[in-house]
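Numbering (this note's numbering) for the sequence shown: 1 to 179.
See structure below.
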Amino acid sequence: MKPLKDFTIPFVGLKIGKHHFEYKVEQEFFKHFEYEDFKDVNIIVNVDLEKKSTLLELHFKISGWVNVNCDLTNEPYNQNIKDEFDLVVNFGDEYNDEHIDILIIPHGTYEINIQQYIYELIILAVPAKRIHPGVKDGTLDSDILKKLEELSPKLKENKENKEDIDPRWNTLKKLLTDK
1 MKPLKDFTIP FVGLKIGKHH FEYKVEQEFF KHFEYEDFKD VNIIVNVDLE
51 KKSTLLELHF KISGWVNVNC DLTNEPYNQN IKDEFDLVVN FGDEYNDEHI
101 DILIIPHGTY EINIQQYIYE LIILAVPAKR IHPGVKDGTL DSDILKKLEE
151 LSPKLKENKE NKEDIDPRWN TLKKLLTDK
């Protein structure tokens, strides 16, 4: 996959200290990864890079929303997301990304592409079970919800339950009260 140029940070020209980068992630970003679960995306990514003499520390902070379909009603809604992630970039003999929060890049590398980390951070920030807020508070008016309500089993009232009891049980109940 070809890296997106916008998400490449050339750190070799930066002074030692803290640097701030801000990115706006939209639907085009996910088309690049061929990820189609989101209908629309509006996320702000803030990356604080602290350059030290022997390593780089990156702090990712995302906030915004993604438009997804509800798992219960299939109605689209905007799911707010917010998350943070820290990454340490160290220099070594060869590229190694086996650890979640440590990246080792070869000596002589002058830039780092962070698109994969942003992609994974956003995907993992979305809840596994997506439920429309209108389902939780009962304000969503949906055909699917009406059909689910119609097909759900109804609980009988206590009065009806008493009438349905087999009369033989009443005789057995007398044994308990006739002491």
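A virtual CB, placed ideally from N, CA and C, is assigned to each residue, including glycine.
For clarity, every value in this text was computed on a predicted model and none was experimentally measured.
For the stretch 32-110, list the alpha helix (DSSP H) runs that are entirely contained and at least 4 residues long, ordered along the chain. Given a length threshold of 4 residues, the stretch 32-110 has no whole run of the alpha helix (DSSP H) inside it.
Going along the chain, which residues of its own chain have a beta-carbon closer than 6 Å to the beta-carbon of Lys82, five neighbours each way excluded? Taking the first residue of the sequence shown as 1, we reach residue 82 at position 82. Only Ser63 meet the Cβ criterion.
Considering only the alpha carbon of each residue, which of Asp141, Thr54, Ala125 lies closest to His132? Position 132 of the sequence shown, counted from the start, is the residue given in the question as residue 132. Per the Cα distances, Asp141.
Return the CA-CA distance between Leu124 and Tyr117, expressed in angstroms with no decimal places. What you label residue 124 is simply residue 124 of the sequence shown in a count that begins at 1. What you label residue 117 is simply residue 117 of the sequence shown in a count that begins at 1. Rounded to whole angstroms, Leu124 to Tyr117 spans 11 Å at the Cα level.
Once the 5 residues before and after Lys159 are set aside, which same chain residues still bring their CB inside 7 Å of it? Here residue 159 corresponds to residue number 159 of the sequence shown, with the count starting at 1. At Lys159, the pLDDT of 48 sits below 50, so the modelled position is not reliable; the number obtained from the coordinates is stated separately. Once the five neighbours on either side are set aside, Lys159 has no close Cβ partner at all.
Which class does Ile118 belong to by DSSP, given the choice of helix, strand or coil? Counting from one through the sequence shown, the residue named residue 118 turns up at place 118. If DSSP states are grouped into helix, strand and coil, Ile118 belongs with the helices.
Tell me the residue span of the beta strand (DSSP E) that contains Val25. The sequence position of residue 25 within the sequence shown is 25, counting from 1. For Val25, the enclosing beta strand (DSSP E) has its first and last residue at 17-25.
Would DSSP call Ile123 helix, strand or coil? Residue 123 sits at position 123 when you count from the first residue of the sequence shown. Ile123: helix per DSSP, three-state reduction.
Out of curiosity, what's the CA-to-CA distance linking Val89 and Asp71? Walking along the sequence shown from the start, residue 89 turns up at place 89. Walking along the sequence shown from the start, residue 71 turns up at place 71. In a straight line, the C-alpha of Val89 is about 38 Å away from that of Asp71.
Which residues bound the alpha helix (DSSP H) around Asp137? In the sequence shown, residue 137 corresponds to position 137, counting from 1. It spans 133-137 - the alpha helix (DSSP H) in which Asp137 sits, taken as one unbroken run.
Please report how far the alpha carbon of Glu36 lies from the alpha carbon of Asn42, in whole angstroms. For this step, residue 36 is matched to residue 36 along the sequence shown. For this step, residue 42 is matched to residue 42 along the sequence shown. Spanning the two alpha carbons is a distance of roughly 15 Å.
Tell me whether Tyr110 is buried or exposed, calling it buried when 16 or more other Cβ atoms sit within 10 Å of its Cβ. Residue numbering aside, residue 110 sits at position 110 when the sequence shown is read from its first letter. Within 10 angstroms of the beta-carbon of Tyr110 lie fewer than 16 other beta-carbons, which makes it exposed.
Take Leu58 as the anchor and find which of Gly92, Leu175, Asp166, Leu103 has the nearest alpha-carbon. As a first step, residue 58 is located in the sequence shown; it is residue number 58 there, counting from the start. With respect to the C-alpha of Leu58, the residue from Gly92, Leu175, Asp166, Leu103 having the closest C-alpha is Leu103.
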